[in-house]
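Take a look at the structure below.
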Amino acid sequence: MNENQISQQIIDASLKVHKKLGPGLLESSYEECLAYELHKRDLFVEKQKALPLVYDEIKMDIGYRIDIIVEEKVIIEIKSVEFLNDVHLAQILTYLRLSNCKLGLLINFNVALIKNGIRRVVNNL
Numbered sequence: 000m001n002e003n004q005i006s007q008q009i010i011d012a013s014l015k016v017h018k019k020l021g022p023g024l025l026e027s028s029y030e031e032c033l034a035y036e037l038h039k040r041d042l043f044v045e046k047q048k049a050l051p052l053v054y055d056e057i058k059m060d061i062g063y064r065i066d067i068i069v070e071e072k073v074i075i076e077i078k079s080v081e082f083l084n085d086v087h088l089a090q091i092l093t094y095l096r097l098s099n100c101k102l103g104l105l106i107n108f109n110v111a112l113i114k115n116g117i118r119r120v121v122n123n124l
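What follows is the structure, given as structure tokens:
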């Protein structure tokens with residue numbers, strides 16, 4: 000499955016989670032439910048995956064954690080905020096660069112319509 004096919008599954012699962020739960024919950028609630036929905040679709044899902052920073056030959060575990068990574072290809076950064084801003088975009092771009100993944104989805108569940116809370120982010124390696 001390629002990144003675009005995976006992202007479609009993620010978006011469909013996000014729609015389902017948002018329809019059932021609505022806005023206003025903690026990010027951790029959406030993370031658990033979205034991971035569950037993706038797992039039901041037989042996708043390989045890792046939650047809160049540690050992401051080290053490699054500088055020269057030094058590998059540093061300094062606390063970066065990916066909310067969800069699907070099939071080791073697509074990163075999901077989950078938010079439950081009033082508005083997405085530049086720092087959220089910078090965060091997922093950093094995760095994409097550090098992991099060498101091409102595609103990420105920044106998903107804000109604190110919106111009336113989930114389609115307005117999804118941003119597709121591409122790492123131009």
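Numbering that gives the first Met the number 0 puts the first residue of the sequence shown at 0, with every later residue one more than the last. Beta carbons: idealized from backbone N, C-alpha and C, even for Gly.
Identify the residues that DSSP records as bridge partners of ASN107: which are they?
LYS78
Measure the C-alpha to C-alpha separation of LEU42 and ASP55 and round it to an integer number of angstroms.
34 Å
Quick one: grab the DSSP three-state call for LEU92.
helix
With three or more C-beta pairs closer than 8 Å as the rule, is the stretch 85-94 touching the stretch 17-26?
no
Delimiting residues of the alpha helix (DSSP H) encompassing TYR29
26-39
Expressed to the nearest angstrom, what Euclidean distance is found between the alpha-carbon atoms of VAL80 and PRO22?
9 Å
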